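In our numbering, the protein residues as written are 5 to 694.
We treat Cβ as the ideally placed atom computed from N, Cα and C, and that holds for glycine.
From a predicted model like this one, the values you see are computed outputs, not experimental measurements.
Please read the structure below before turning to the comments.
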């Protein structure tokens with residue numbers, strides 16, 4: 005028969021091959037990730053996040069998608085050739101503003117022409133014609149209803165007279181957006197036009213001077229190569245020199261446009277790089293002999309940018325897919341799903357911003373703001389440029405769903421959710437740690453610790469334990485134990501020592517008749533799983549049943565099993581960072597005083613939760629059992645007749661004696677946990693053998 009030591013030595017030898025496999029980086033039999041399907045929409049191929057995700061996953065796309073990407077790439081390259089540098093953009097924008105300012109000055113001169121009107125029942129339309137004729141300008145009337153009749157004398161400049169009449173009749177004056185020297189009058193507000201400013205010619209000249217300062221000073225910010233240097237610092241210096249708020253705002257708008265354009269340029273460049281990767285990855289080479297798998301892509305016109313759906317398979321190598329799914333879904337971030345829908349806005353480029361951002365403020369001292377829209381250069385913005393986005397809540401959103409099969413997890417959700425799932429799986433799908441739990445359950449006499457102290461002081465040689473070495477007293481074995489009481493009279497002591505100390509302690513107890521081992525199971529349990537040790541002692545007893553029928557008694561005898569179980573439940577939760585073990589310990593033992601069916605039973609129960617650091621041992625003690633025995637010396641015939649219990653009080657009178665003794669025992673549970681890792685697996689088996 006193979007001994008326990010031989011069996012464990014064989015296990016240790018076999019474990020070397022297992023450790024090599026455990027530590028080796030063997031390629032997985034299945035790919036770590038595999039995109040099963042992608043659902044995309046009209047704007048998805050302009051979404052850099054979506055394309056970057058596909059490129060990172062090395063997805064093989066269909067020829068239809070690749071041709072679309074090639075078209076976008078050609079558009080980008082053509083636009084890049086026409087791109088103008090920031091210096092050219094500034095030059096043309098300021099030149100256009102100067103032209104507009106010159107026109108505004110000419111208009112201001114016309115509006116400053118003096119005039120006098122003597123009105124007596126003349127309708128408003130005729131009055132406006134007289135004002136336009138005097139100022140040599142055009143005035144378009146855009147108000148409904150009958151024309152009011154005006155009376156009175158109006159004297160001043162063309163602009164002041166027009167402003168007074170408009171105010172009296174609750175009319176609004178705007179500068180025409182397309183026609184020179186033309187004003188438009190409305191009875192209701194027109195948000196598409198710029199309100200007329202009736203300031204003097206001197207303020208209009210200040211705007212013109214500020215534009216000259218810009219052309220002389222701020223074109224130096226951007227050299228011919230388009231590089232930008234210290235824009236913010238120089239912009240602050242310029243603001244101190246400019247006299248008009250409108251030109252200051254105009255400068256800020258120009259700088260803002262250029263900065264946005266630089267960001268868009270970098271984004272378009274990154275988008276181009278991603279397109280090239282996808283095109284190259286999806287173009288099979290002539291040398292490729294393996295199957296070229298094209299990803300299943302479903303086009304849905306209603307899918308908006310950010311609502312792309314990814315269905316991806318993650319292979320699970322170390323844990324069970326179902327357990328890993330429970331870990332991931334346990335995070336609250338996935339409990340409600342991602343209900344954010346992204347709605348696209350028009351792309352932000354120099355072209356689209358030029359009109360709005362470079363428009364001089366309406367508070368300028370000119371009759372109308374200088375708007376260099378006509379001279380705005382075209383920016384290099386390809387068709388694939390991704391528009392800015394706004395996030396709004398929607399009931400129809402991309403929600404994450406997780407399913408499992410025998411080999412992994414299938415996730416369906418948005419790009420961000422899939423990325424998060426991939427990160428969590430990568431972190432959590434590590435080798436499942438295991439714990440070797442050694443439990444020693446002893447029944448010791450009361451006062452065992454003090455008895456061991458006395459034995460340790462008397463012993464000078466290794467009478468117990470390893471020969472030739474002095475026996476350590478109990479206080480040395482239980483070194484540095486810190487005890488705290490818990491419910492039920494138990495105490496917990498840690499830092500017992502190494503396993504050799506535990507074995508020495510048990511040998512000492514048994515050798516000196518201070519206790520006996522009830523059970524000492526060793527079990528390996530997965531992290532978070534429950535290990536059960538169940539020891540049953542069963543006694544067969546007979547039950548008799550008497551039945552009477554027709555005056556005849558019949559006795560039936562049946563066998564009944566009476567069990568005395570010892571059950572230990574151990575559930576370790578291992579901290580992945582420091583190998584601390586949060587151990588849930590549940591011990592239940594039932595003992596009988598004898599094998600008789602009517603014998604009394606005793607139950608010992610311990611249930612607790614412990615936090616144990618690596619190398620530490622836990623002792624649970626204090627559960628006491630008291631027993632009482634009686635012994636007597638009496639006359640021989642009393643003992644033979646079984647009359648001692650009846651005549652016990654008379655034994656002393658009949659020449660005998662009777663003695664009563666009480667004894668107390670204590671349940672001692674020692675738990676020695678060890679986390680099994682690739683580094684200590686050999687030492688763990690060595691410890692088990694020893």
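- Residue 581 and residue 618 have their C-alpha atoms some 12 Å from each other.
- The bridge partners DSSP lists for residue 589 are 574 and 612.
- DSSP places residue 506 in the helix class (H, G or I) of the three-state scheme.
- By the criterion of at least three beta-carbon pairs nearer than 8 Å, the stretch 74-84 is not in contact with the stretch 306-316.
- In this structure, residue 416 places its C-beta atom within 7 Å of the C-beta atom of residue 405.
- Straight across, the Cα-Cα distance linking residue 163 with residue 190 is about 16 Å.
- Rounded to whole angstroms, the separation of the alpha carbons of residue 547 and residue 604 is 18 Å.
- For the pair residue 218 and residue 257, the Cα-to-Cα distance works out to about 13 Å.
- Look at residue 602 here: in three-state DSSP terms it is coil, with no helix or strand label.
- In the structure shown, the three-state DSSP call for residue 198 is strand.
- Taken through DSSP and simplified to helix, strand or coil, residue 37 comes out as strand.
- Of 614, 50 and 305, the smallest CA-CA separation from residue 277 is found for 50.
- Between the alpha carbons of residue 576 and residue 263 lies a distance of about 57 Å.
- Counting only the Cα atoms, residue 569 lies some 40 Å from residue 553.
- Nearest Cα to residue 149 within the set 165, 550, 129 and 167: 129.
- Assignment of beta-bridge partners to residue 54 by DSSP yields no partner.
- For residue 130, the enclosing alpha helix (DSSP H) covers residues 128-139.
- Annotated as proximal: residue 578 and residue 679, with beta-carbon spacing under 7 Å.
- Non-local beta-carbon contacts of residue 57 in its own chain, meaning distances under 6 Å to residues more than five positions away in sequence, involve 419 in chain order.
- Just measuring C-alpha positions, the residue of 526, 425 and 446 sitting nearest residue 520 is 446.
- Taking C-alpha positions only, residue 596 is separated from residue 671 by approximately 16 Å.
- CA-CA distance, residue 449 to residue 668, rounds to 6 Å.
- The Cβ atoms of residue 593 and residue 608 sit closer than 7 Å to each other.
- The straight-line gap separating the alpha-carbon atoms of residue 540 and residue 300 is approximately 59 Å.
- Residue 94 has its alpha-carbon roughly 34 Å from the corresponding atom of residue 139.
- Three or more beta-carbon pairs drawn from the stretch 36-47 and the stretch 57-67 are found closer than 8 Å, and the two stretches are therefore classed as touching.
- Take residue 127, set aside five residues on each side of it, and the residues of its chain with a beta-carbon closer than 6 Å to its own are 151 and 153, in chain order.
- In this chain, the beta strand (DSSP E) harbouring residue 417 covers 412-417.
- The DSSP-derived three-state label of residue 569 is strand.
- Spanning the alpha carbons of residue 207 and residue 167 requires a straight line of approximately 18 Å.
- Secondary structure at residue 318: strand, using DSSP grouped into helix, strand and coil.
- Of the candidates 589, 65, 216 and 187, 216 places its Cα closest to the Cα of residue 102.
- For residue 35, the number of other beta carbons within 10 angstroms of its own is below 16, and it is reported as exposed.
- Contact between residue 585 and residue 677 holds: CB atoms are separated by about 5 Å, below the 8 Å threshold.
- Within a 10 Å sphere around the beta-carbon of residue 156 sit fewer than 16 other beta-carbons, which makes this residue exposed.
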